[in-house]
Amino acid sequence: VRWAIIGLGDVCAVKSGPAFYKCHGSTLSAVMRRTPGAAQEWIKNNASNLPGDVARSIRAFDTVEQMMEEMGSSLDAIYVASPPGAHLENVRQIVTCLSTSSSSSLKAVYVEKPCGRCAWETRAMADELRARNIEFYPAYVSRAHERTQILRKLLSDDKVCGEKVTHIKYTQRGSSFARGLDGTDGKIPWRLVASQSGGGLIMDMGCHVLDRLDYLFGPLGNIDSNVLCKGAQSSSSSQSYPLVEDYVAMSATIGDCDWSAIPSTGASVECIWDFSPKDHSTSTQKDEVDELEISGPEGSVRMAAMGPGLPIRISDADGKLVRTLEFDPPAHSAQPLIQSVVNELLNLEKDGENSSNLVRSPARADNAVRTSEVLDAILGSYYGGRHDEFWIRSGTWRGLQTTKT
285 VRWAIIGLGD
295 VCAVKSGPAF
305 YKCHGSTLSA
315 VMRRTPGAAQ
325 EWIKNNASNL
335 PGDVARSIRA
345 FDTVEQMMEE
355 MGSSLDAIYV
365 ASPPGAHLEN
375 VRQIVTCLST
385 SSSSSLKAVY
395 VEKPCGRCAW
405 ETRAMADELR
415 ARNIEFYPAY
425 VSRAHERTQI
435 LRKLLSDDKV
445 CGEKVTHIKY
455 TQRGSSFARG
465 LDGTDGKIPW
475 RLVASQSGGG
485 LIMDMGCHVL
495 DRLDYLFGPL
505 GNIDSNVLCK
515 GAQSSSSSQS
525 YPLVEDYVAM
535 SATIGDCDWS
545 AIPSTGASVE
555 CIWDFSPKDH
565 STSTQKDEVD
575 ELEISGPEGS
585 VRMAAMGPGL
595 PIRISDADGK
605 LVRTLEFDPP
615 AHSAQPLIQS
625 VVNELLNLEK
635 DGENSSNLVR
645 SPARADNAVR
655 TSEVLDAILG
665 SYYGGRHDEF
675 WIRSGTWRGL
685 QTTKT
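Numbering-wise (this note's numbering), the sequence shown opens with residue 285 and increments by one.
Here's what the structure looks like:
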């Protein structure tokens, strides 16, 4: 599978980039970054890490149009790794180029999560690609992690919680798990700018947790939330503090579906994401919290949600720890999912390199849309709705107005 990458930010450094030339049956043919010369510089800086055949043949481009014009007929898949604010534009650039091309081998577009800044953007990407018979794979990488696959079996086969799940609780406090929060030249990092990210860190990090709940248990419904910008309330200079939310408390219930690992319909869900500095100004990484608890009538499971190599702890109905499972984290967090995409595009019935690898991607367009819809339901009250280009009308954000008063 011949890949191109659009956008070469920090997500490409370790998490995803190397996987495209390390996965069995996959190679990296082109990279594109809109800053003139930056893609060529990326190749130069990474030359020592690239396989010899990739280093000799890889091409660099400054625009999507140039890349598609010169290499569109020899690319099988494209990874869109730009900030979410550019994802829909990038997908439409790809589609436009395809419509004017006499030959194209493109089979798939793999889009970094959370795909769109809101549900209508994610839905638009899915619709435009589906109309051209191009697969849309969202980069919800935790679905393919060994730890997630084993958790599904613990729930479905081992019945570690019993015959059903009744309650799910998640708490995250602190932001050291996030990348790229060190702003340059005094600028607010793009992950905290709505026009580029779609909201606060729940968009970058919370989306993984919400998507995993969808994958394991089913769709989230009956969503209620309390969304605040606590840092602006305590900041001595609110003008320099990000306008997006930094605290989210959510409650929901699991809906009916045919893909859950265990019967979970009606299970209650409680989640808190607290990225505010108010209560953490003197905290260290050790003080931060990342804990997912899954409970049923006969037991519970506790685990960190943001680390693919962190352990799973199983307790009985009385809360006694009965089992701990340890995992080796993948060298590149996205590699298991990218390998499943490659295997699917190659129509493999099994992965000859590793029998535990998935042969079909567990991350699909439908789950990307559902997760975007859940994020909209959670954050809608803060932004005065997310049905439009809300990022250009911060003066109407109800949550921000409440903060200021």
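Note that the Cβ used here is the ideal one computed from N, Cα and C, for glycine as well.
- Among the bridge pairs identified by DSSP, valine 393 is matched with Ile362 and Phe420.
- As for any alpha helix (DSSP H) of minimum length 4 sitting wholly inside the stretch 637-681, the runs are 649-667, ordered along the chain.
- For the pair of segments examined, the stretch 620-633 was found not to touch the stretch 493-512: the number of CB pairs separated by less than 8 Å stays below three.
- Just measuring C-alpha positions, the residue of Val532, Asn510, Gln685 and Val493 sitting nearest leucine 576 is Val493.
- The beta-bridge partner set that DSSP reports for valine 553 consists of Ile452 and Ala536.
- Residue pairing by DSSP places phenylalanine 345 opposite Met316 in a beta bridge.
- Beta-bridge annotation (DSSP): arginine 286 is paired with Thr311.
- Separation of leucine 390 and serine 357 (C-alpha to C-alpha, rounded to the nearest whole angstrom) is 8 Å.
- In the DSSP assignment, aspartate 600 is bridged to Gly583.
- As DSSP reads the structure, arginine 431 sits in no beta bridge.
- The beta carbon of glutamate 657 lies closer than 7 Å to those of Ala403 in the same chain, with the five residues before and after it left out.
- The criterion of a C-beta distance shorter than 8 Å is satisfied by isoleucine 289 and cysteine 296.
- Across the set Ala615, Thr380 and Val298, the C-alpha of Thr380 shows the shortest separation from the C-alpha of glutamate 349.
- In the displayed model, arginine 401 falls within coil according to three-state DSSP, outside both helix and strand.
- Scanning its chain for C-beta atoms nearer than 7 Å, with the 5 sequence neighbours on each side dropped, one finds around serine 584 the residues Cys445, Glu577, Ile578 and Ser599, in chain order.
- Here the stretch 432-449 makes no contact with the stretch 482-492; the two share fewer than three CB pairs at distances below 8 Å.
- In the displayed model, isoleucine 622 falls within a helix according to three-state DSSP.
- Secondary structure note for isoleucine 378: its alpha helix (DSSP H) is the uninterrupted segment 371-383.
- When the Cα atoms are used, lysine 514 and glutamine 480 turn out to be separated by approximately 21 Å.
- The residue from Ala661, Gln456 and Glu430 with its alpha-carbon nearest to that of proline 595 is Glu430.
- Counting C-beta pairs with one atom in each stretch, the stretch 335-343 and the stretch 357-369 have fewer than three that are closer than 8 Å, which means they do not touch.
- Contact annotation, alanine 423 with glutamate 396: C-beta distance approximately 5 Å; criterion of less than 8 Å satisfied.
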